[in-house]
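Everything below concerns the one structure shown next.
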Amino acid sequence: MKINLKIPAFLLAIAIGHNTIAAESSYSDSVNLDSQRRHVITEYILDLGKADPEGITALFSDGGTVISTSKGEVGAYDFFHSFLPNIESADTEVHQTFLSKGDENHYAARFRFNFKLKDGEMGDGEYIDEFIFENNSAKLISVYMFENLKFKPSK
């Protein structure tokens, strides 16, 4: 008795191919989301340097928050619309971005932020902010702000 294995082998090949395509698609989606999130972090830091409250708040989901050393937990819209319009000039420089090992929605960035307020006060420091994104989204839920004014980055 002869068994015809052509059809089962063909179906197996299709199933393996489909799973490979699905895995590649999932990996591609993950890489794409990571790229989008890193772009959001860079935009966030650039918007600080441009003192652009509209641009920076557009990066947040509805109800997004900022947790700062100066004001505690505040709505992102309120925080940036009360702070950024007071900036006369500013510049930023991104040094590094990090992805959390334990939570794919958590990132961090280290950057320099120099600014001069309209009242003449100057700010210059190296900052580390933690960015929390919505699941499967490039929209920010929260940003935790940390600062270290005494740290001078190595070049």
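Sequential numbering from 1 applies to the sequence shown in the UniProt record's numbering.
Note that the Cβ used here is the ideal one computed from N, Cα and C, for glycine as well.
Assuming contact is defined by CB atoms lying nearer than 8 Å, are residue i and residue j in contact in what I supplied?
i: Thr-69; j: Phe-146; result: yes
i: Val-66; j: Ala-58; result: no
i: Phe-111; j: Thr-92; result: yes
i: residue 173; j: Asp-124; result: Residue 173 cannot be examined here, being either before or after the span of the chain that is shown, 1 to 155.
Between the options, which has its C-alpha nearest residue i's C-alpha?
i: Phe-98; options: Glu-88, Arg-37, Ser-30; result: Arg-37
i: Phe-113; options: Val-31, Lys-50, Ile-67; result: Lys-50
i: His-39; options: Val-94, Gly-120, Ile-87, Gly-64; result: Val-94
i: Asp-34; options: Tyr-107, Gly-123, Asp-129, Leu-117; result: Tyr-107
i: Lys-118; options: Ser-30, Ala-90, Gly-55, Glu-126; result: Ala-90
i: Gln-96; options: Phe-133, Glu-126, Leu-140, Ser-142; result: Glu-126
i: Asn-105; options: Gly-120, Leu-140, Ser-82, Glu-121; result: Leu-140
i: Glu-54; options: Ser-82, Tyr-144, Gly-72; result: Ser-82
i: Asp-29; options: Asn-135, Ser-100, Ile-45, Met-122; result: Asn-135
For residue i, which beta-bridge partners are listed by DSSP?
i: Asn-114; result: Asp-91, Asp-124
i: Ser-142; result: Thr-65, Ile-132
i: Gly-75; result: Thr-65
i: Thr-97; result: Ala-109
i: Glu-43; result: Looking at the DSSP assignment, Glu-43 forms no beta bridge with any residue, so it has no partner.
i: Glu-147; result: Tyr-127
For residue i, count neighbouring C-beta atoms within 10 Å of its own C-beta (all shown protein chains included) and say buried if the count is 16 or more, exposed if not.
i: Ala-138; result: buried
i: Gly-64; result: buried
i: Asp-103; result: exposed
i: Val-31; result: exposed
i: Ala-23; result: Its pLDDT being 49, under 50, Ala-23 is placed unreliably in this model, and the value from its coordinates should be taken loosely. It is exposed - the Cβ of Ala-23 has fewer than 16 other Cβ atoms within 10 Å.
Which whole-angstrom value is the C-beta distance of residue i and residue j, which I expect to be below 8 Å?
i: Leu-84; j: Asp-52; result: 7 Å
i: Phe-115; j: Ile-87; result: 5 Å
i: Asp-47; j: Ile-41; result: Not a contact, Cβ separation roughly 11 Å.
Given the structure, does residue i come close to the ligand FMN, in the sense that its CB is under 7 Å from one of the ligand's heavy atoms?
i: Gly-63; result: Questions concerning the ligand FMN fall outside what the structure shown contains, since it holds no ligand whatsoever.
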